[in-house]
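Here the structure is laid out as C-alpha cells; the discussion comes afterwards.
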Amino acid sequence: MSWSTRLAALLPRTVARDNGGTEPDPRFTFANERTFLAWSRTALALVVAGLGIVQLLPPFPGVPSGRHLIGLPLIALGAVLAVAAYVEWVRNQRALRRGESLPVSIMPWILAVTVTGIAVIAGIVLLVSATR
Amino acid sequence: MTGPTGPEPTGPEPAGPDPAGQGQPRPSDDPEERDPGLARERTSLSWMRTAISFAALGGVVLKENVFTGLVVLAIAPVVWQLGRVSQGSGSRTDLPIAGATRLFIISVAIVAVALLCLVIAIFGKAVPGALR
C-alpha cells in the first residue's frame, strides 16, 4: 500500500464511510474514544511541561541551551503523540467493527523511549552545569 | 441460608416456572450491563477533562504570549461543545456517533498548539528564573 493510500484511509471522511463489519457495542466505541482522549491529555501535558521548562525555569549555569535541550523534545513528543493517538483510534475502531483482535499499540513504546532519552539529556545537562 | 452455591452460575433460582419475567434476561451483576449510560457519562467527563487541559495550557501560554494564549483558551469551550455531541439525542442506549471528525479536530488542534508552543519556546523571550 502506498503512503498516499494509507494517509487517505485516515481521513475522517474515509473512516466515517467504513462499513466493513458491524457497528460494535457502543461501550467499546466509547472506551476507544476515551483512550484517544486520555492520550490527547498526555500530549497536552507534555506540551505544557516543555513550555514551562523553557520559559519558566532559571537557566542552567554554564549550559545556555540546557532548557531548550530538555523542553523542545517534550513539546515535539506532544505533537507526535497527538497524531499517533488518532491513528491508533482509527485502527482500533476498524478492528472493533470487524471483530478482530486489537492491533498492538506502539505509543507506550514511543513515550517510554522518548522520556528516557529526555531524562538522560536532563542528567547530562545537570552534570555539565554542576562541573562548570 | 445454604451457604455458597458452588459452581452453579445462576444462583439459588427456584426451579419452577418464573411468574414474573419468563424469557426476560435477569439483571446482570455488572452495572455496565444494566445501564450503558455509564460509559456515555465517563466519556462525557473525559471530554470535559480534555477541555480543561486545553484551558490549563492556554493559561500557561497566556503568560508568554497573550494572543496565542487567548487562541488556545478559545479552543477549550469548542472541545467542551464537541464532547456534548456524544451525549446524543437523550435516549440512553442509542449508538454514539463514531465521530472521526471530532477526534481529527482534536488531533489537529494539539499539533497546531504544539507548533505554536515550539515557536514561542524557540523565539520567545524567556523570563529568567521565573520559578526561582
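As given, the protein sequences belong to chains A and B, one line each in that order. Sequential numbering of the first sequence, starting at 985, is according to the working numbering. Sequential numbering of the second sequence, starting at 782, is according to the working numbering. The beta carbon of each residue, even a glycine, is placed where N, CA and C say it ideally should be.
Contacts around residue 1050/A, its chain only, beta-carbon distance under 6 Å, and the 5 residues preceding and following it disregarded: 1044 and 1109
Straight-line Cα distance separating residue 1067/A from residue 991/A: 12 Å
Interface residues of chain A facing residue 891/B [CB-CB closer than 9 Å]: 1024, 1027, 1028, 1031, 1062, 1063, 1065, 1066, 1067 and 1069
Residue 1075/A to residue 1059/A span [Cα, whole Å]: 25 Å
The alpha helix (DSSP H) enclosing residue 827/B, as first and last residue numbers: 818-845
Integer Cβ distance of residue 898/B from residue 1047/A, believed to fall under 8 Å: That belief does not hold up - the Cβ atoms of residue 898/B and residue 1047/A are roughly 22 Å apart, past 8 Å.
Within-7 Å CB hit, residue 1000/A to chain B: yes
Straight-line gap, residue 977/A to residue 1072/A (C-alpha atoms, nearest Å): Since the first residue of chain A shown is 985 and the last is 1116, residue 977/A is not available in this structure.
Paired residues, beta bridge with residue 885/B - DSSP: Residue 885/B is not bridged to any residue.
Residue 1100/A, buried or exposed, once every other Cβ within 10 Å from all chains shown has been counted against 16: exposed
Between the CA atoms of residue 1029/A and residue 1098/A - distance to the nearest angstrom: 15 Å
C-beta atoms of residue 1020/A and residue 819/B nearer than 7 Å: no
Three-state secondary structure assigned by DSSP to residue 1088/A: coil
Residue 1004/A versus residue 1083/A - alpha carbon distance: 10 Å
Cβ neighbours of residue 1081/A in the same chain (closer than 8 Å, five flanking residues each side left out): 1002, 1004, 1005, 1006, 1007 and 1008
Chain A contacts from the segment 822-834 of chain B (Cβ-Cβ distance under 8 Å): 823, 824, 827, 828, 830, 831 and 834
Residue 1085/A classed as buried or exposed, judged by whether at least 16 other C-beta atoms fall within 10 angstroms: exposed
CB contact below 7 Å: residue 1116/A versus chain B: no
Beta-bridge partners of residue 1047/A, as assigned by DSSP: 1044/A
Where residue 850/B meets chain A, residues with beta-carbon distance less than 8 Å: Going along chain A, no residue has its Cβ under 8 Å from residue 850/B, so there is no contact; the nearest lies around 11 Å.
Beta-carbon neighbours of residue 896/B, restricted to chain A and to distances below 9 Å: 1059 and 1063
Cβ of residue 1055/A within 7 Å of any chain B Cβ: yes
Pairwise C-alpha distance: residue 1089/A and residue 745/B: Here chain B comprises residues numbered 782 to 913, so residue 745/B is not present and cannot be evaluated.
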